[in-house]
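Numbering (mature numbering (1 follows the signal peptide of the UniProt record, and there is no 0)), first residue to last: -20 to -1, 1 to 419.
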Amino acid sequence: MKNYIVIYVILVVIVNYCQGGFTDSQKQGIVDAHNEARKQAGVTHGPKPVSPLNLVKWDNKIESFVQDFVSKCKFSVPVGSNYGFALYRVNNDKFEPGPVVQSAFESAAPLFDWNTLNCKPGTCCFMYPSIIWNASTSVGCATSWCENFNFFVCGYNPQGGLIGVPPYTKAQIDSDWRINITTRTPSPTGSPRPTRTPTDSPTPATPTPTSKPMTSSPTIQPPVTPVPNQPTQAGDIDWRQKGYVTPIRNQGQCGSCWSFTTAAALESNYLIKNGNSLLSTLDLAEQHFVDCASNGCNGGNGNSALSALKSSGVMYEADYPYKAVTQSCPSVGSKSTFKWAGSLTVKNTKNDFITALQSGPFYASLYVDDGFQRYKTGVYQCSSSNTPNHAVTVIGYNSAEDSFLIKNSWGTWWGESGFMRIKPGTCNLFDQNGLRPTF
């Protein structure tokens, strides 16, 4: 679900204020510093946003997690949570947190390059995108005196700060931007698309997940072409070469990888079963999953996505465009929707992954480290592994280099035009079962 980096900042501050656990006033000062920075987007820093940035509020749960971490005085990145972090080393025993955040932001803002979506060479600016990351709406901070400095950390939910991804959407997307979450392939118009039965009421956002195989099939009768011949050499397959992988999408500043992966798996498996005449136009509405399943931009999974819209079906992108924010679950009304029969569990082993690929791409979870985020080309192996925090679509396997081919949802600028080759098992790829939709 996430595709984010953790912020690591050393900040030397000369101030003289009170020390101790943050008071309500100090907490409000931290929140105010974040929100003032967000209100000034397009005024004193950065391009004008397409709409006012979301404001943050204090989160006691994040504060508690951070306080437990900083009390150990281990000056490193926290693990074991789904939060993003900004780490500060304040060389004073007494300080006021709000001004520290404000000072750090003002120093970092001019160092962020909006063309490369990264810090300018030789500079450290990562607190800038973290503080104004539009998808992050909650903050919690804590500090601890560690021998000769205050270890001051702020946590964010949802996480933010991905290199190469804009902290927020600009009012006008320039042609040289590498990411544009508003540019999408239109949904089918000229070619026939499945006919569905709409529903007038929203689908519950948190239904019971199910991965039980279903035998029923949707009431659709599009033109059918033969399924491609199955690979015969060591399970080698690349569904792109077969013409059954839809274009790379971009989830933007929303923790919706689970939604994009679910949609990608649905699109590919539908095309495999019914023919690829809609390859360039079939585009399901990831926003519909975001608004009706799991926790929206705060994360989710394929099971809950498929279960939430099993009855109504998912709308098409043209009818319900992607916004990269969590909204209310909509009523489908008279809109056409796309349906599926059920899903099959893909067991979390190398052989089961390869076997499942012979039938079609599927949903999988893995752990994203810093190297994964900066991946450009080659067969990737994580330098470390932790609990899976991201969802991808597995679309191929190459026995010669022993690598799986995955489709990501970070736009075509990332990796090998949006794809990655990855070693089996690395990045905790086999930590959880996969999921393949059925028709």
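Where a beta carbon is used, it is the ideal one built from N, C-alpha and C, also for glycine.
- Note that the C-beta distance between valine 270 and methionine 295 is not below 9 Å.
- Take glutamate 127, set aside five residues on each side of it, and the residues of its chain with a beta-carbon closer than 8 Å to its own are Cys53, in chain order.
- Exclusion of the five residues before and after isoleucine 111 leaves His14, Ala17 and Phe85 as the residues of its chain whose Cβ lies within less than 6 Å of its Cβ.
- Considering only Val359, Gly276 and Leu262, the residue with the shortest C-alpha distance to histidine 268 is Gly276.
- Just measuring C-alpha positions, the residue of Phe131, Asp263 and Asp382 sitting nearest alanine 122 is Phe131.
- Counting along the chain, proline 77 sits inside the alpha helix (DSSP H) bounded by residues 77 to 88.
- The C-alpha of phenylalanine 45 is placed about 20 Å away from the C-alpha of tryptophan 113.
- Rounded to the nearest angstrom, the gap between the Cα atoms of leucine 35 and serine 124 is 27 Å.
- Taking the C-beta atoms as reference points, asparagine 278 is found nearer than 9 Å to asparagine 137.
- For glycine 102 and phenylalanine 92, the gap between their C-alpha atoms comes out near 11 Å.
- Under the 10 Å beta carbon count, glycine 140 is surrounded by 16 or more other beta carbons and is classified as buried.
- By the C-beta density criterion, proline 32 is exposed, having fewer than 16 other C-beta atoms within 10 angstroms.
- Cβ atoms of aspartate 39 and glycine 120 come within 8 Å of each other, at about 4 Å.
- Beta-bridge pairing by DSSP links threonine 24 to no other residue.
- Sorting Ser287, Ser248 and Glu396 by C-alpha distance to the C-alpha of phenylalanine 342 places Ser248 at the top.
- Taking the Cα of alanine 304 as reference, the smallest distance to any Cα among Gly26, Val57, Phe240 and His25 is reached at Phe240.
- With contact defined as three or more Cβ pairs closer than 8 Å, the region 368 to 382 and the region 252 to 260 are not in contact.
- Contact between aspartate 349 and serine 364 is confirmed by a C-beta separation of about 6 Å, below the 8 Å threshold.
- Secondary structure at tyrosine 108: helix, using DSSP grouped into helix, strand and coil.
- Cβ-Cβ separation between serine 345 and threonine 317: approximately 26 Å, too far for a contact (criterion under 8 Å).
- In the structure shown, phenylalanine 352 adopts helical secondary structure according to DSSP, grouped into three states.
- Lysine 253 carries a helical assignment under DSSP once its states are collapsed to helix, strand and coil.
- Membership of lysine 387 in the beta strand (DSSP E) is indicated by the continuous run 383 to 387.
- Under the three-state reduction of DSSP, isoleucine 228 is assigned to coil, being neither helix nor strand.
- In the three-state reduction of the DSSP assignment, lysine 74 falls in the coil class, being assigned neither a helical nor a strand state.
- Using a Cβ distance threshold of 9 Å, tyrosine 302 and alanine 245 do not count as a contacting pair.
- If you draw a straight line from the Cα of isoleucine 375 to the Cα of isoleucine 386, it comes to about 6 Å.
- Here serine 383 is buried. Its C-beta has 16 or more other C-beta atoms within 10 Å.
- Counting every other CB atom within 10 Å of its CB across the protein chains shown gives asparagine 408 a total of 16 or more, marking it as buried.
- For secondary structure counted as the beta strand (DSSP E) over 3 or more consecutive residues, the region 308 to 346 holds these complete runs in sequence order: 322 to 326 and 342 to 346.
- Note: asparagine 137 is bridge-paired with Ser118 in the DSSP secondary-structure output.
- Put simply, the backbone Cα of alanine 298 is about 35 Å away from that of phenylalanine 410.
- In this structure, asparagine 413 lies near valine 326, with their beta-carbon atoms less than 9 Å apart.
- Beyond the five residues adjoining it in sequence on each side, glycine 215 comes within less than 6 Å, by CB distance, of Ile334 and Tyr377 in the same chain, given in chain order.
- With respect to proline 79, glycine 135 sits apart: the two C-beta atoms are not nearer than 9 Å.
- At the C-beta level, threonine 357 and glutamate 396 come within 9 Å of one another.
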